[in-house]
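Notes for the one structure printed next.
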Amino acid sequence: MAATNDLIKDEDDTDIKIQDTRGEHLSLTKYFQVMNSYGREIFFVITIVFTGIAALQSGPLKTKKVNPPDIFFEPPSLVTDFYNGNIKQLLSLISEKDVSLVMYYAPWDASSLQAREEFETVAKFYHNEVFFAAINCWWPEGECRKKFSVPSYPIILSYVHEMGIVRYEGPIVSTYLIYFLDSILSPVVPLHHTGELFDLLTKHEAVLVAYFEFKNGSYPKGYKQFYFAALKALSSDPHRRICFAVLTNKHVAENFRLRSNVQLFLWNTSQVYREEINGHAELLKWAFGVLDYTSDWVSPPGTKSSMLSEIFEGHAALILFTPRSLLLEYTPYYNLLKEVALDYNNCNKSSFAESIKHRMVLKRHIMQEEFSKTIKKCHKKDTPNDPDVCRFRPDLCDLTCCQSTNLKLKLNQACSCRACLHHIVENIEEMKLFECENTLKLVLKNFNINELGNFDQCNDIEVSFPVKFGRYKRLSFHCQNESPYASKPSKKQLTEEEIAELKDDLILTMIQNNEKRLCHRMRYALNYSEVYFPSFPDPSDTTTWLNNFTGIGCLTNRTLNFIAMDVILYHSFAENLGIDLSKNHHQTSAVIIETSKETQFVLEGPVTKKALVEFIKNYTSGNLNRYLRMPVRRLENCNSGEEANVCVEEVTTATFFDIILDDKDVVLLYYASWCGACQSISHIFLSVADYFANVEDIKFARINGEENDLPWEYTVEKYPTIIFFPVKRKSDSVEFPAHLQISMTNLLHFVLVHTQPKVRWKVSMEMCNRECIAHNLIMSSKELRRLFREHKSLINDLHFAQLIIYRPKKVKLPSKSKGSKGPSVNYLKSVYLKYVIKRIHKKRRQIYQAQQLQIVLKKKANIYLEDLKRTGSDKKGPNVTSGRKSKHLNFRQKNVKDEL
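Here the sequence shown is numbered in the UniProt record's numbering, starting from 1 and rising by one per residue.
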């Protein structure tokens, strides 16, 4: 015997055992259990140790820092880019500028990337008047992200010195932004005569006029609040529906017949603001609260919004799709729409509205003549060979910025100097004056003139030396002993002739500058869209089409709202209506939409005044045909062949009424090609249709709701949608419940509940097997016998009642106890007899239905028997049928007959 562990295997026990030194035997399974328990304890101790080590690590989780952002507006850009999110430096620069436009962006955001080019274009147009900046407000390490929480990107804010912040809420398009800055730089328009008021009303929906009398060079009471209100109104009205105008001449104010210092002029009336201007909020709330307009531009924000639903709710709307010319402040086709809308809503035949209308016609004539002349004039000024101005006029491209500063010489002598920084740009569009000024400030901050040489007097300091500040070429100083604040010697008095010459030169320079600016503005406007003019009515044509049109909006219940949409930005809205504006005259079209009936009417042909007037009159009288987005097409009929299991007919606009109004129950599936759920339930719809394939009184069909225009009462709000149209009661159609899942069980139950009884019978027969038919034959026979008994009983009751009513003397009534009375003859004749006859008719209908059911069941049973005989004959070989098989087959047929 060994002292160490020996492996021993007993003959009677198949388990391996281990013999330890004490002579005890342990099985191998128990050995592993012991080791497993030790292992769990060891694992638990190791876990506790590592948990304690992790708990001692008190620092935060280590994560990889975000890579520093790259510059978003790459040089040479006219936009100062704070791509590190340095908000303090941005606000410091803004405080030094009169007007600033800042874009808060995220470098990964698609809208910010799209807005970058538009913002750069605006900066090229207004870089001399406005400071443009952009800041990365997404980078987590930046000051902007830590200080502000930006809900979406990009956000554009305008900072006006001493006035505050105005947020831009319009489309981020260069022309729209330039027009917004126009209103920021000139928020208030001066008025000099009533003609200017009419001109403003042709461009805006209303004009808010305020009278202020300026005295002693100070601002009158309420002017700052009015000016501030004009700026703040741009946050909610960036395209200026309300124009803010100011009167400063008392005699002119009397000509306007103002009833208050502030008055809102609308298209047909005026509203008086009787309170004092103490704050901008109250004035704006009042002005926009009483605003009434006949037509308006609509600019949906591009996100989920209720703007359009509020316009279309309750009324039909006429939408004019046309390019908008904001920079020229005049869109000819919208001018025409506004003219028609004024006439349409002028119920009282207001002379004020008539004056605005005639002014619009006159202005359209003048603009059409002046526009072509201006185009030719601007085209001549452009350099045909090379548009780069800097090659021909280098002096214009010498960007120089100067600043007055005080320098000290070694003898502590103070010098009044003028420092200038010079830079030649390659393109005039790259000139950035604000960048030059900022660089010069940084240069002069720690500048020492004594490092350039020994200067005894200030007049000796007239030096120019090269510098290495970016792209700037040199820095120059010109100094003098005099203080810049010392009184200057009086200049020589000019003669009247010299003054007249100077005035002529100034006027000529102003005219030239205005022409340059107009051409520059027109170039930007035409880059956005061409300017088209509608044709004027033929003078030889009679104006009978205008008869009975003025004020027609008040004479009918089918009133219209007039709106316009910029086709350049919102062409998708027209495409969704099925209008291809690229093929339309001047990319302009008019459409009337009735959301209550989901109907639309499109004006065919060019948009003219006569066409618009007749279009509206035909709509009012109900003589327009509904416009269909898709062409009307017919598909081949659904013919199920022998190999097809089920055939579901495809419905189109042309075949809709033929199929739906057919003398059958119709189950219609509405689907769309982009609808994934429609494809997932198609097999369910086909499977249920297969149950009714042999039933002639019900039809299953489907229609593509996106490609086929239907009357509004037959349209659906979502896909997929299943609607059941009952026979002879199509108006009582039933929609499959939205809360139920579209499954075979639910859909089959839905159809069987709403279909006619004979369809349920026939489907039941189709689904009934041999045992089902046998059972129903037995039950129907029992039911038929019961109905015959009840019918016979009712006939007896009828005969007995008739005997009582018509032969009362010859009938011996059964004996009655004292005090009891027999049935009243009048009651039997008026009530009971009618009741019995009604029940008899009902029983006869039930008997007829039960008999018809038995006929159907017997036909189905005969079909089973014929199939059984045919199956048996097929199994027999030619001339090899044994007597035993024949006997077995006859016995089987007899059992089936008995069962049936």
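Think of the CB as a built atom: it goes at the ideal place given N, C-alpha and C, for glycine as much as any other residue.
Per DSSP, reduced to three states, the secondary structure at K408 is strand. Per DSSP, C243 lies in no alpha helix (DSSP H) segment; the continuous beta strand (DSSP E) that holds it begins and ends at I242 to L247.
Under the three-state reduction of DSSP output, T599 falls in the strand class.
Within the DSSP bridge table, the entry for H478 names R418 and E462 as partners. In the DSSP assignment, R167 falls within the beta strand (DSSP E) that extends over G164 to R167.
Cβ neighbours of L581 within its own chain (closer than 7 Å, five residues either side excluded): F321, V567, H571, A574, Q587 and S589.
The beta carbon of I579 is closer than 8 Å to those of F321, S589, V591 and V602 in its chain, skipping five residues each way along the sequence.
For E790 and I840, the gap between their C-alpha atoms comes out near 9 Å. Runs of the beta strand (DSSP E) lying entirely within the region 150-222, each at least 3 residues long, are 155-160, 164-167 and 206-211 in chain order. DSSP places C402 in the strand class (E or B) of the three-state scheme. Per the coordinates, the alpha-carbon of I48 lies some 49 Å from the alpha-carbon of Y153. Checking the DSSP bridge columns, you'll see W297 partnered with A564.
In the DSSP assignment, E339 falls within the unbroken alpha helix (DSSP H) covering P332 to N345. For Q741, the number of other beta carbons within 10 angstroms of its own is below 16, and it is reported as exposed. When C-beta atoms of the region 127-134 are compared with those of the region 81-98, three or more pairs fall below 8 Å, so the two segments count as touching. Taking a contact to require three or more Cβ pairs closer than 8 Å, the region 825-837 and the region 791-804 qualify as touching. For D665, the enclosing beta strand (DSSP E) starts and ends at D665 to Y671.
By the neighbour-count definition (other C-beta atoms within 10 Å, threshold 16), M779 is an exposed residue. Annotation: N454 to K146 spans about 51 Å, alpha carbon to alpha carbon.
For L93 and E339, the gap between their C-alpha atoms comes out near 47 Å.
D81 sits in a strand when the DSSP states are folded into three classes. The three-state reading of DSSP puts K97 in coil, since its state is none of H, G, I, E or B. Proximity to D237 across Y168, N623, F256 and H280 peaks at Y168, based on C-alpha coordinates. Look at the beta carbons and you see the region 208-216 touching the region 246-261: at least three pairs across the two are nearer than 8 Å. Apart from the 5 residues on each side of it in sequence, S350 sits with its Cβ closer than 6 Å to the Cβ of N268 in its chain, given in chain order.
When beta bridges are read from the DSSP output, F226 appears opposite no residue. Here F562 is buried, its C-beta having at least 16 other C-beta atoms within 10 Å. Nearest Cα to E707 within the set L336, S355 and S673: S673. Here R785 carries a helix assignment [DSSP, helix/strand/coil]. Following the DSSP letters along the chain, one finds Q263 inside the beta strand (DSSP E) bounded by residues V262 to F265. Within the same chain, no residue comes within 7 Å of E370 by CB-CB distance, once the 5 residues on both sides are set aside.
Boundaries of the beta strand (DSSP E) around Y273: S270 to Y273. In this structure E129 touches V99 by the C-beta definition: roughly 7 Å separates them, less than 8 Å. In the DSSP assignment, E650 falls within the beta strand (DSSP E) that extends over E649 to V651.
Remark: three or more beta-carbon pairs, one from each stretch, lie closer than 8 Å, so the region 178-189 and the region 228-237 are flagged as touching. By the Cβ rule, the region 283-292 does not count as touching the region 358-375, because fewer than three pairs are nearer than 8 Å.
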